[in-house]
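**Q** Heads up: the sequence shown begins at 331 in the numbering used here, then just goes up one per residue.
Where is the CB? At the ideal position from N, CA and C, for every residue including glycine.
Because the structure is a prediction, the values reported are computed rather than measured.
Dumping the structure here so I can ask a few things about it.
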Amino acid sequence: MKIEKDYELKKHTTFQIGGKAKTVYFPETVEELEQTLKENPNAIILGNGSDVLISSDGIDGDVIITTEINDFEINGTKVYATCGVKAPVLSREVSENGLSGMEFMFCIPGTIGGMVYMNASAHSQSIADIFTSCKVYDVENQKVLTLNKDDMLFEYRKTVLSEKKYVVLSAEFELKPSTVEEVKALMQRNAEFRKQKQPSLALPNAGSIFKNPENDSAGRLLEKSGVKSKIVGGAKVWENHANFIVNIGYATSSDVLNLMYKMYNEVKVRYTIELQPEVKFIGIANEEEKEKWQTMTTNNN
Ligand SMILES: Cc1cc2nc3c(=O)[nH]c(=O)nc-3n(C[C@H](O)[C@H](O)[C@H](O)COP(=O)(O)OP(=O)(O)OC[C@H]3O[C@@H](n4cnc5c(N)ncnc54)[C@H](O)[C@@H]3O)c2cc1C
Numbered sequence: 331m332k333i334e335k336d337y338e339l340k341k342h343t344t345f346q347i348g349g350k351a352k353t354v355y356f357p358e359t360v361e362e363l364e365q366t367l368k369e370n371p372n373a374i375i376l377g378n379g380s381d382v383l384i385s386s387d388g389i390d391g392d393v394i395i396t397t398e399i400n401d402f403e404i405n406g407t408k409v410y411a412t413c414g415v416k417a418p419v420l421s422r423e424v425s426e427n428g429l430s431g432m433e434f435m436f437c438i439p440g441t442i443g444g445m446v447y448m449n450a451s452a453h454s455q456s457i458a459d460i461f462t463s464c465k466v467y468d469v470e471n472q473k474v475l476t477l478n479k480d481d482m483l484f485e486y487r488k489t490v491l492s493e494k495k496y497v498v499l500s501a502e503f504e505l506k507p508s509t510v511e512e513v514k515a516l517m518q519r520n521a522e523f524r525k526q527k528q529p530s531l532a533l534p535n536a537g538s539i540f541k542n543p544e545n546d547s548a549g550r551l552l553e554k555s556g557v558k559s560k561i562v563g564g565a566k567v568w569e570n571h572a573n574f575i576v577n578i579g580y581a582t583s584s585d586v587l588n589l590m591y592k593m594y595n596e597v598k599v600r601y602t603i604e605l606q607p608e609v610k611f612i613g614i615a616n617e618e619e620k621e622k623w624q625t626m627t628t629n630n631n
């Protein structure tokens, strides 16, 4: 297994932001991941780093990156994947088998572990719709558990994994038989839609910054609050959709955090709605940053 010391995490996040971690482990099998977790129970887990804001001052501890654990199997309508498989790769593979249910993953740059962790969704499809079970490592009790759909407590951008110290090792899904043409056509439509609504990774970003409040859209509220194109340091609200922050070249985590706090306050003042961050802030923070993050996440569920 590859182990890196003083590894710059910005290389491993879609925001291209993040300082160093003392030790970063890259297990290559589920068994290596279990063993690494046993030996480093406090290590932070990262998949593809597409839903995180990592402190530019780094992480005071160790990190495990799962992207080398990437096996999958397609058996009829059943799909098995280990945690590090990239969502677009699996989406493309199942499309070749004429299986429907993973078209939404085609343009989401996460891993299966990250997708299951937060019940990723888009274009009226979600992980919850196709999930049958997963194997997790229970870090506190040092054992492997199998969770079925009911155990997962799937909600919008939330599962039981947000509360328990469980690491997804692998997951199983049940897809619907369709045709290669239909599945690919839907993937293409999703990709076209995204071209208009989301920045490509050529403009480093971490997807939607805030979750949609119930029956509303964070993007709509932010746009009406006039935050589009606002800049703090190297972080800018994307001009085409106000729920994205793009790194225009030299952004630090503080720039992003301060810009998020401005966005949050603009919506709060105008609509008395407190938007909740979708991205997860990880790593070393000063007192002011801690306070801002805590304010924004107080009601986060
Ligand atoms: C351009 C772009 C578009 C996006 N579009 C969407 C979208 O349409 N819908 C959507 O839902 N999301 C979207 N996202 C957000 C993101 O891709 C998803 O949330 C994805 O599921 C994150 O996966 P990851 O592997 O990158 O997780 P990371 O960012 O590496 O980690 C995110 C969280 O998951 C935890 N985690 C990661 N792996 C595991 C594991 N094996 N076990 C337990 N916990 C784990 C981490 O500890 C962390 O808390 C988008 C992001 C980008 C950059």
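Helix, strand or coil for N478, going by three-state DSSP, please let me know.
**A** Correct three-state label for N478: strand.
**Q** Hey, quick one: how far does the beta strand (DSSP E) through L376 stretch, first residue to last?
**A** 374-376 is the span of the beta strand (DSSP E), which, as asked, contains L376.
**Q** Please indicate yes or no: does the CB of K610 lie closer than 6 Å to some heavy atom of ligand 1?
**A** K610: yes, Cβ under 6 Å from ligand 1.
**Q** Thinking N573 and F540 are a contact (beta carbons under 8 Å), I'd like their distance in whole angstroms, please.
**A** Right, their Cβ atoms sit about 6 Å apart.
**Q** For T575, does the count of other Cβ atoms within 10 angstroms reach 16, so buried, or fall short, so exposed?
**A** Correcting the residue identity first, residue 575 is Ile in this sequence and not Thr. With 16 or more other Cβ atoms within 10 Å, it is buried.
**Q** Measuring only the C-alpha atoms, how far is L551 from V597?
**A** For L551 and V597, the distance between alpha carbons rounds to 6 Å.
**Q** Return yes when at least one heavy atom of ligand 1 lies under 6 Å from the C-beta of Y337, else no.
**A** Checking every heavy atom of ligand 1 against the Cβ of Y337, none is found closer than 6 Å.
**Q** Classify F523 as buried or exposed, calling it buried when 16 or more other Cβ atoms lie within 10 Å of its own Cβ.
**A** Flag for F523 reads exposed.
**Q** Would the segment 393-408 count as touching the segment 421-435 if we require 3 or more Cβ pairs under 8 Å?
**A** Contact holds: three or more Cβ-Cβ distances are below 8 Å.
**Q** Please classify E338: does DSSP put it in a helix, a strand, or coil?
**A** E338 falls in the strand class under three-state DSSP.
**Q** Please go through the same chain and pick out, in chain order, the residues whose beta-carbon is closer than 8 Å to the beta-carbon of L363, but skip the five residues on each side of it.
**A** P357, I394, T396, I399, C413, Y467, V497, L499.
**Q** I need the DSSP call for K592, collapsed to helix, strand or coil.
**A** Note: K592 maps to helix in three-state DSSP.
**Q** Could you check whether the Cβ of I375 sits closer than 6 Å to any heavy atom belonging to ligand 1?
**A** Within the cutoff, so yes.
**Q** How about the segment 438-445 and the segment 374-383: do they share at least three Cβ pairs that are nearer than 8 Å?
**A** Result yes; three or more Cβ-Cβ pairs closer than 8 Å.
**Q** Out of M517, A521, T366, which one is the CA nearest neighbour of E423?
**A** Comparing Cα positions, the closest option is M517.
**Q** With a CB to CB cut of under 8 Å and the five nearest residues on each side skipped, what residues in its chain are close to P507?
**A** Excluding sequence neighbours, P507 sits near T407, G428, L429, S430.
**Q** Using a threshold of 7 Å, state whether the C-beta atoms of S425 and V562 are closer than that.
**A** No. Outside cutoff.
**Q** Under 8 Å by Cβ, that's how I've got V490 and L483 pegged, so tell me the actual separation to the nearest angstrom.
**A** Contact holds; Cβ gap of about 5 Å.
**Q** Please tell me whether, using a cut-off of 6 Å, the distance from the CB of V567 to the nearest non-hydrogen atom of ligand 1 is below it.
**A** Not under cutoff, so the answer is no.
**Q** Within a Cβ cutoff of 7 Å, which residues of the same chain sit near A581, ignoring the five residues on either side of it in sequence?
**A** Counting only Cβ-Cβ distances below 7 Å, and skipping sequence neighbours, we find I347, G563, G564, A565.
**Q** Give the C-beta separation of F461 and F503 to the nearest angstrom, bearing in mind that I take them to be a contact with Cβ-Cβ under 8 Å.
**A** Rounded, the Cβ-Cβ distance is 6 Å, consistent with contact.
**Q** I'd like to check one pair, G613 with G388: are the Cβ atoms closer than 7 Å?
**A** Yes, Cβ-Cβ distance for G388 and G613 is below 7 Å.
**Q** Note down, in chain order, each residue of its chain lying with its Cβ closer than 8 Å to the Cβ of N372, except the 5 sequence neighbours on either side.
**A** Contacts found: G391, D392.
**Q** Beta carbon of G537: closer than 6 Å to some heavy atom of ligand 1?
**A** Because some heavy atom of ligand 1 lies under 6 Å away, the Cβ of G537 counts as near it: yes.
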